[in-house]
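Notes follow the structure.
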């Protein structure tokens, strides 16, 4: 039991049949046990929700019948018995009995105490009689070790030990594991020592098979313990800091033993259905692919695989092309022929299996051919599939998952006899556990951000191994040699690498800090990645350059400027004998020929992008990562430092598709992976998210504002971010390997310094190549303004001086509020763009544009004076503020103030044009022409909404208005799926189209006497008949001179409209664009009223619309 258990799954519920849209009643596990007279045991009944306990009440009161709902009841069979277990230890926080068991007085309780010494002797002797002579000494040793490693928890005994306040690390379960291992090894009981053959056995068990694995002592030690646990069918828990090789160890072991391994990344959003499965909408793939795999197995058992390779290859092609109808037809035809061939061979078992498969293929064909109705089926999760098929499963980041999710699979951890019953599906039988099934879990210590301790009842079932990265010099030499194997390295290079790694680790603890003022973490992952880069890049750039680049990439780029100098000196002195290799152009890292994208937008971006010295340095750092194409990149720096544009430039330069996702505080995993949406026929189809598409197709994706997203969502991506580069999608039960060209980038502002930004865990950050992007230097800002914004260098210099002056003033006096500073580079570029847009010609025009942009955002007149004085001081002009809001400067003679009043009067109504209203209209119209988003701040009744309506009237453009409140959602802006309600309107449109069609001359003269169905369900037959009419006209055109050519085009348009209406009539839900999307598509104005009431997470979703690109990913 767990808190997520639904009482309806125990009693029963309606489930989908194989026929779409049809449901049948399926009794649950409890109902089946009651009817058939089974015994049923509820483990941890105190954890069950109250509705489950209420369902059991009639049975506890001795009722002879059991209600299953809908005024129906079943008789309780004589053999039915009800049992439950409760862990009553006061020391386990998760099992507090008081107040948890609602009807505790109705149960007959049997208390099971802890086994004493005599009990343990009897248990050991009973389970393992061969240990009779040493059982007492084993228990003495067990108790002695337990007393030495017990943990004190302030008077609370968390696990139920021998004395109050003490947590015993080992339980009776561990004692029995130990005994089982002793029995399984050749031991010399006379001397109570390990035989020499035993030493060799354990050693060679660790060295199962040589592979790409560094045989360092600590790794072999863990490998030996894990291998022994595998041999005795024990679940294994690996605990250690990030980058110590926990996952790699299990993967190598599975590879050496040729075992299939499934890795599931758990997170706080992990649900029990991700592991065990649940009812999911059926699509063509979920129906056909399991039948295809079953067909292949049965075919290979019945016939020669080698002799039929061509036939099987055809089926594989259909699967790859997702041509499911052809696949089913071919499989059914083949199954029918197979039945005929086997009839005369007296193989009744095979005949029965082929008959069963043939009937299910026909059912599947009818499911695919069904035009309407939704269909659901229970899809087993990754854990159940591994348990049934004998695969290994690794639960990564296991201590991120909710405790109730983990407790649900706790029973499987009880060794070879561990069981699992899928009550969610209504099962009463256990899933047959395959003898080769093994389970592993990995976790970081609870000292890391977002990590927590596992529940003791769950953790104690594992055989636990701690994985550390402590290594002596010999181990580090062996580690480096293994990664550089095959390279002709100079004498002493390995020793230099070891010295550098130790020096870098020491400096990171004492002096170094990254761009967020945190200690950097250098781990074995950092070292292995640097050495891996060296081995790959050595062929292209030479050993010294590859060595320099590799260690800079993983030990230097994340640091701030002072720390980077320290590490650079260490790299040069220890690894390169004091000589820095010559620099190369970032284009030299692009070994592949750039792809050509027919994208004018990318070409325009490339032509306007300015490569300064610091920008080029950052691009070189990114280019190294692009060269190796293995690791994600995290760019960290202040706002407006050009982090996203760096990636966009590289993507455009190399011809890769660029995709951007804006994160926010409520980013959901579905935004990355996808969700079920209805198709045109009303069936639910899984629509892959932007991340899944990028992984499949090799796009470059940027996760903007990474540390705004919830940690549990980000941790679910760990498997994609490490060396495995694969993504598991629970809804598809599919592990997707990353396309070779796929690259993942992320950007973030430093935590703490910026509101809402959180500290990411060490385990998560260590998976990235980090690049610290500082603010753009002043001299480079001048160059960018000159080249990109086409502003004279003297003018650009003055603008930067103004910015520096205002920033210093803000820092000294704190006059100006705002967490991002009074003026940022983004404001500077807007200022320059305004000067260019409004064709400025003098310092006075520059000052006017600067004042209207920078001063008009301020509420205090004294602050406005500060801006004015700074502009006048640096630009050496005198501003006359009242003259700035001159309407003639907007339109000149084409539209006077009188004409504006007249236009507003006609379309909007009477408005009193006060001086304040003229000023406000002037400012927002100026923003409109500069294509800038506008934020109007002021007291209620100040005319903020009115002036937007006035602008709409003057421009003759529609204004969309959305009023925000505290419950406003993202879908209110961009739209969402809504039920199709206007079916009567659809029917009327259909009838109108049919009447229009009948009035056309091509119909009158060519069609003849044709009756069209009056109902829209017959739209397909109408379209087919129209195709026949068009074909006849084209073939016999000369026979119908009275038909105008325009009728052909009109009929084609009607045909398209009929098909669209038919799809719309079948759909249950349709996507409706929100007001923002409608305005963007139509080029209209969009007003968000009371924007401050909306949640920050909703507004963060709109960030990309506020950027100069003005794009939105729906």
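In our numbering, the protein residues as written are 2 to 1115. Here a beta-carbon is modelled for each residue, glycine too, at the ideal position from N, C-alpha and C.
Beta-carbon proximity list for residue i, same chain, < 8 Å, skipping 5 on both sides
| i | result |
| --- | --- |
| residue 1085 | 958, 959, 960, 961 and 1079 |
| residue 557 | 565, 568, 569 and 572 |
| residue 1101 | 663, 664, 665, 666, 706 and 709 |
| residue 787 | 793, 794 and 797 |
| residue 1017 | 987, 988, 991, 1062, 1063 and 1066 |
| residue 1034 | 1003, 1007, 1041, 1044 and 1049 |
| residue 1104 | 663, 705 and 706 |
Distance, residue j Cα to residue i Cα
| i | j | result |
| --- | --- | --- |
| residue 46 | residue 2 | 6 Å |
| residue 63 | residue 274 | 34 Å |
| residue 176 | residue 526 | 36 Å |
| residue 533 | residue 666 | 36 Å |
| residue 1121 | residue 662 | As shown, the chain starts at 2 and ends at 1115. That puts residue 1121 outside it, with no answer to give. |
| residue 55 | residue 718 | 40 Å |
| residue 692 | residue 701 | 9 Å |
| residue 458 | residue 257 | 32 Å |
| residue 303 | residue 10 | 39 Å |
| residue 86 | residue 1091 | 55 Å |
| residue 1014 | residue 1031 | 19 Å |
| residue 438 | residue 293 | 24 Å |
| residue 502 | residue 478 | 11 Å |
| residue 237 | residue 409 | 17 Å |
| residue 196 | residue 171 | At residue 196 the pLDDT is 48, less than 50, meaning the model places this residue with poor confidence and gives no usable figure here. |
| residue 390 | residue 354 | 19 Å |
| residue 930 | residue 826 | 21 Å |
Residue i vs residue j beta-carbon contact at 8 Å
| i | j | result |
| --- | --- | --- |
| residue 398 | residue 716 | yes |
| residue 369 | residue 326 | yes |
| residue 38 | residue 81 | yes |
| residue 49 | residue 6 | yes |
| residue 428 | residue 422 | yes |
| residue 627 | residue 590 | yes |
| residue 847 | residue 966 | no |
| residue 466 | residue 223 | yes |
| residue 1002 | residue 1043 | yes |
| residue 559 | residue 689 | no |
| residue 514 | residue 763 | no |
| residue 276 | residue 392 | no |
| residue 807 | residue 783 | no |
| residue 575 | residue 536 | no |
Same chain only: Cβ atoms within 7 Å of residue i, ignoring 5 sequence neighbours per side
| i | result |
| --- | --- |
| residue 970 | 1099 |
| residue 1087 | 961, 1076, 1077 and 1080 |
| residue 951 | 905, 909, 912 and 922 |
Cβ-based neighbour list, residue i, same chain, cut-off 6 Å, excluding 5 preceding and 5 following
| i | result |
| --- | --- |
| residue 653 | 603, 606 and 607 |
| residue 937 | 945 |
| residue 677 | 282, 685 and 687 |
Status (buried if at least 16 other CB within 10 Å, exposed otherwise) for residue i
| i | result |
| --- | --- |
| residue 1 | Any question about residue 1 goes unanswered here, given that the chain covers just 2 to 1115. |
| residue 1067 | buried |
| residue 26 | exposed |
| residue 882 | exposed |
| residue 1072 | exposed |
| residue 553 | buried |
| residue 440 | buried |
| residue 712 | buried |
| residue 448 | exposed |
| residue 84 | exposed |
Residue i beta carbon near the ligand ZN (any heavy atom closer than 7 Å)
| i | result |
| --- | --- |
| residue 52 | Although the ligand ZN was asked about, the structure shown includes no ligands whatsoever. |
Pick out the complete alpha helix (DSSP H) segments inside the stretch 547–626, 4 residues or longer, and give them in chain order.
Runs found: 562–571 and 601–609.
What are the start and end residues of each continuous beta strand (DSSP E) run of 3 or more residues lying completely inside the stretch 442–477, in chain order?
Segments of the beta strand (DSSP E) lying fully in the stretch 442–477: 464–467.
Sequence ranges, alpha helix (DSSP H) only - wholly within the stretch 875–939, length at least 4
Every alpha helix (DSSP H) stretch that sits fully inside the stretch 875–939 and reaches 4 residues is listed by chain position as 889–892, 898–908 and 916–930.
At 3 residues or longer, what runs of the beta strand (DSSP E) sit wholly inside the stretch 996–1083?
Scanning the stretch 996–1083 for uninterrupted beta strand (DSSP E) segments of 3 residues or longer gives 1070–1074, listed from N- to C-terminal end.
Completely contained alpha helix (DSSP H) runs for the stretch 710–787, where each covers 4 or more residues:
Fully contained in the stretch 710–787 are the following alpha helix (DSSP H) runs of length 4 or more, in chain order: 712–716, 719–722 and 763–766.
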